[in-house]
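Asker:
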Amino acid sequence: MKEKRLGFATRMGAIAATVGSAVGLGNIWRFPYQAGENGGGAYILVYLICVVLLGIPIMMSEFIIGSSTHKSMKGAVQQLTPGSPFKIFAYVGVLGALLICGYYCVVCGWVIEYLWASASGTLLGHSPEEYDTIFKTFVSSPDRCLLWTLLFLVLNFLVLSRGIKNGIERLSNVMMPLLFLLLIVFCVNSLLLPDSDDGMDFLFNIDFYELGWKGVVDAMGQAFMSLSLGVTCLITYSSYFKEDTRLMRDAVTISALDTLVAILAGIVIFPAVFSFDMQPNAGPDLIFNTLPTIFQQMPGGIVWAVAFFVLLFFASITSTISLSEIPVTFLIDEYKMSRGKAIAITAVLMTVISVLSALSFSTLSDVKLFDKNIFDFLDYVGPNFFMLLGGLVTAIYVGWVLKKDVIHKQLTNGGKHKSRFVQPYIIFCLRYIAPVAIVIIFLYYTGVLKYLDLF
Ligand code: TRP
3 MKEKRLGFAT RMGAIAATVG SAVGLGNIWR FPYQAGENGG GAYILVYLIC
53 VVLLGIPIMM SEFIIGSSTH KSMKGAVQQL TPGSPFKIFA YVGVLGALLI
103 CGYYCVVCGW VIEYLWASAS GTLLGHSPEE YDTIFKTFVS SPDRCLLWTL
153 LFLVLNFLVL SRGIKNGIER LSNVMMPLLF LLLIVFCVNS LLLPDSDDGM
203 DFLFNIDFYE LGWKGVVDAM GQAFMSLSLG VTCLITYSSY FKEDTRLMRD
253 AVTISALDTL VAILAGIVIF PAVFSFDMQP NAGPDLIFNT LPTIFQQMPG
303 GIVWAVAFFV LLFFASITST ISLSEIPVTF LIDEYKMSRG KAIAITAVLM
353 TVISVLSALS FSTLSDVKLF DKNIFDFLDY VGPNFFMLLG GLVTAIYVGW
403 VLKKDVIHKQ LTNGGKHKSR FVQPYIIFCL RYIAPVAIVI IFLYYTGVLK
453 YLDLF
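Written as structure tokens, this is what we have:
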């Protein structure tokens, strides 16, 4: 007998889980430092344009594939277009998810270390230079990095083992509202700091001179990362959506909430950075070095530090569960495995990759792939190769290959609602804008454009 495929129980739960996937280190760690490096306001403006022209259409393309079939990528493509070679990209998605999760969990391990250090009172009370040393010493100590990464993985798979409704949906229903609440408290606090206007100016003043082409390409890549696009994550989640889900409305809600969190994270960080005379362009170390320096100068610093790393923990675990669910659902759908077995296999694979990347600043620092250590390599190929390739493939598949009536049925819930403007907008973006943009990012990252002297 065919087992019934159980999905999200409520619309709110499905949205909370998908926002949970989207809101992650990408919003709170990556977006602020990228905005900081690329001049602030102009970067944010380009980012918003990317969300509208690339993000929402590609999110919709994934939703259409998943929710029309209630299957993950491979089965979905087989059902929608029998015999189509596009199904092989399901493997690209699964592999991409494993690799991305492999380095993402290491950063989540850093978050737990900083949470622990804040709570035990050892984080605060150092000079800015010392924070730099503390961070470098920590990432190059194999045992502590491994310990926290493994602990994080255990928590991650415990949630997954409880299933879509009782694990993912329940956790997201609790964590996402708390995350918003915490963020708002942080924002208010930041805005009340002396000279917070300078930070707001930096964040919202539009200065294209600082942006450059690198900033434009970074913003496009960031939209992919932040909205969880390209590695079939949203196909997987939407395969568990309820039948009557209004995809476009939910895609807009999810993208808007995700963008709001990124901007709120900027409002938390930059006014504080300027108020305490720090540099906004500290790069990836921004939250691990700059923020502790700021927290310790604030009254009740320990509480702020703990709350911040708790917030970051919530954001990250709801993202890693979505990444891990990709291989899990794939194994269940394609090999008819029990959920337990699929989780066990995924856990082993993910642990191996995470351990390798956790050790890549210490024991394995000499192992180089294309001149990068394992962590940096995964951080490079995940977003720059797997997400982009996957995004390109889903855009082409839904824009050019899939029958219009499948798309129409999904957009109108079988004719119940109108979609006069939505369908042409989605199709136009998927057919023309997304492929051109993705090819440009691709050429940029691979250095071809530089070689041709175009950027
Ligand atoms: N969107 C998450 C972030 O911003 C990361 C993430 C979760 C992701 N699931 C994904 C990225 C699937 C790409 C694909 O941190």
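If you're matching positions, the sequence shown starts at 3 in our numbering and goes up one per residue. C-beta: ideal position from N, C-alpha, C; glycine also.
#1: Does the distance between the C-beta of ASN158 and the nearest non-hydrogen atom of the ligand TRP fall short of 8 Å?
#2: Whose C-beta lies closer than 7 Å to the C-beta of THR322 among residues of the same chain, with five residues either side of it excluded?
#3: Quick check: what's the CA-CA separation for GLY217 versus GLN36?
#4: Under DSSP, the alpha helix (DSSP H) around PHE290 begins and ends at which residues?
#5: Start and end of the alpha helix (DSSP H) containing GLY15?
#6: Tell me whether CYS52 counts as near the ligand TRP, meaning its Cβ is closer than 8 Å to at least one heavy atom of that ligand.
#7: Report yes if the C-beta distance between THR458 and LEU236 is below 9 Å; otherwise report no.
#8: At the level of alpha carbons, what is the spacing between VAL438 and VAL53?
#9: May I ask you to list the residues that DSSP assigns as paired with LYS374?
#10: Do TYR106 and the ligand TRP come close, with the Cβ less than 8 Å from some heavy atom?
#11: Would you report the Cα separation of LEU445 and LYS418, rounded to the nearest angstrom?
#12: Report all residues from its chain with a CB closer than 6 Å to the CB of MET3; omit the five preceding and five following residues, and keep chain order.
#13: Run through DSSP, which three-state label would LEU8 get?
#14: For ALA284, which of helix, strand or coil comes out of DSSP?
#15: Could you tell me if the beta carbon of CYS110 falls within a distance shorter than 8 Å of some heavy atom in the ligand TRP?
#16: Which class does PRO34 belong to by DSSP, given the choice of helix, strand or coil?
#17: What are the start and end residues of the alpha helix (DSSP H) that includes MET202?
#18: Determine the burial state of VAL270: buried for a count of at least 16 other Cβ atoms within 10 Å of its Cβ, exposed for fewer.
#19: Compare the C-alpha of MET62 against each of PRO294, GLY85 and THR234 and name the closest.
#20: Give the list of continuous alpha helix (DSSP H) stretches no shorter than 4 residues that lie fully inside the segment 181-259.
#21: Have a look at SER257, GLY98, ASP335 and SER318 and flag the residue whose alpha-carbon is nearest the alpha-carbon of LYS76.
#22: Nearest to ASN415 by CA position, among MET14, ILE66, PHE315 and PRO130, is which residue?
#23: Could you check whether the Cβ of GLY26 sits closer than 8 Å to any heavy atom belonging to the ligand TRP?
#24: Taking the alpha-carbon of LEU404 as reference, which of THR139, PRO84 and LEU50 has the nearest alpha-carbon?
#25: Consider the C-beta atom of SER23 and the heavy atoms of the ligand TRP; say whether any pair is separated by less than 8 Å.
#26: Does the beta carbon of MET227 fall short of 8 Å from some heavy atom of the ligand TRP?
#27: With GLN425 as the anchor, note down where its alpha helix (DSSP H) starts and where it stops.
#28: Excluding the five sequence neighbours on either side, which residues of its own chain have a C-beta within less than 6 Å of the C-beta of ILE170, listed in chain order?
#29: I'd like to confirm something about SER174: is its beta-carbon nearer than 8 Å to some heavy atom of the ligand TRP, or not?
#30: Between the Cα of ASP287 and those of PHE10, LEU371 and PRO34, spot the shortest distance and give me the residue it belongs to.
#31: Counting Cβ pairs closer than 8 Å, one from the segment 213-230 and one from the segment 423-433, do we hit at least three?
#32: Can you tell me whether DSSP reads PHE363 as helix, strand or coil?
#33: Starting from HIS410, trace the alpha helix (DSSP H) in both directions and tell me its first and last residue.
#34: Roughly how many whole angstroms lie between the Cα atoms of ARG13 and LEU249?
#35: Ignore the nearest five residues each way along the sequence and tell me which others in PHE372's own chain have a CB closer than 7 Å to its CB.
Answerer: Looking at the atomic coordinates:
#1: Remark: the C-beta of ASN158 is outside contact range of the ligand TRP, defined as less than 8 Å to any heavy atom.
#2: Apart from sequence neighbours up to five positions away, the residues of its chain that approach THR322 with a beta-carbon distance below 7 Å are CYS103, TYR106, CYS107, CYS110 and ASN158, ordered along the chain.
#3: Taking the straight line from one Cα to the other gives about 8 Å.
#4: Element bounds for PHE290: n/a, residue is neither H nor E.
#5: Per DSSP, GLY15 belongs to the alpha helix (DSSP H) from 13-24.
#6: Relative to the ligand TRP, even the nearest heavy atom lies 8 Å or more away from the CB of CYS52.
#7: Shown here, the chain extends from 3 to 457; a query on residue 458 therefore has no answer.
#8: Distance between the alpha carbons of VAL438 and VAL53 is about 15 Å.
#9: According to DSSP, residue pairing for LYS374 in a beta bridge involves LEU371.
#10: Distance from the C-beta of TYR106 to the nearest heavy atom of the ligand TRP is below 8 Å.
#11: When rounded, the distance between both Cα atoms is 42 Å.
#12: The predicted model places MET3 with a pLDDT of 43, which falls under 50 and marks its position as unreliable; any figure quoted below should be read in that light. Taking MET3 as the centre and dropping the five residues before and after it, the same chain places no C-beta closer than 6 Å to its C-beta.
#13: Coil, per DSSP.
#14: ALA284: coil per DSSP, three-state reduction.
#15: Proximity of the beta carbon of CYS110 to the ligand TRP is not indicated: no heavy atom of the ligand is located closer than 8 Å.
#16: Here PRO34 sits in helix by DSSP.
#17: Counted as a single uninterrupted DSSP element, the alpha helix (DSSP H) harbouring MET202 occupies residues 198-206.
#18: Residue environment for VAL270: buried (at least 16 other C-beta atoms within 10 angstroms of its C-beta).
#19: Comparing Cα-Cα distances from MET62 to each of PRO294, GLY85 and THR234, the minimum goes to THR234.
#20: Complete alpha helix (DSSP H) runs here, min 4: 198-206, 210-228 and 235-240.
#21: Among SER257, GLY98, ASP335 and SER318, the Cα nearest to that of LYS76 belongs to ASP335.
#22: Among MET14, ILE66, PHE315 and PRO130, the Cα nearest to that of ASN415 is on ILE66.
#23: Yes - the ligand TRP has a heavy atom lying nearer than 8 Å to the Cβ of GLY26.
#24: It is PRO84.
#25: Yes, the Cβ of SER23 comes within 8 Å of a heavy atom of the ligand TRP.
#26: MET227 Cβ: within cutoff of the ligand TRP.
#27: DSSP places GLN425 in the uninterrupted alpha helix (DSSP H) bounded by 424-430.
#28: Cβ neighbours of ILE170 beyond the five flanking positions: ALA19 and ILE323.
#29: No heavy atom of the ligand TRP is found nearer than 8 Å to the CB of SER174.
#30: Comparing Cα-Cα distances from ASP287 to each of PHE10, LEU371 and PRO34, the minimum goes to PRO34.
#31: Counting Cβ pairs under 8 Å, fewer than three are found: no touch.
#32: Judged by DSSP in its simplified three-state form, PHE363 adopts helix.
#33: Here the alpha helix (DSSP H) through HIS410 covers 406-414.
#34: Across the structure, ARG13 and LEU249 are spaced so that their CA atoms are roughly 11 Å apart.
#35: Its chain contains PHE379 as the residues whose beta carbon lies nearer than 7 Å to that of PHE372, once the 5 sequence neighbours on both sides are disregarded; these appear in chain order.
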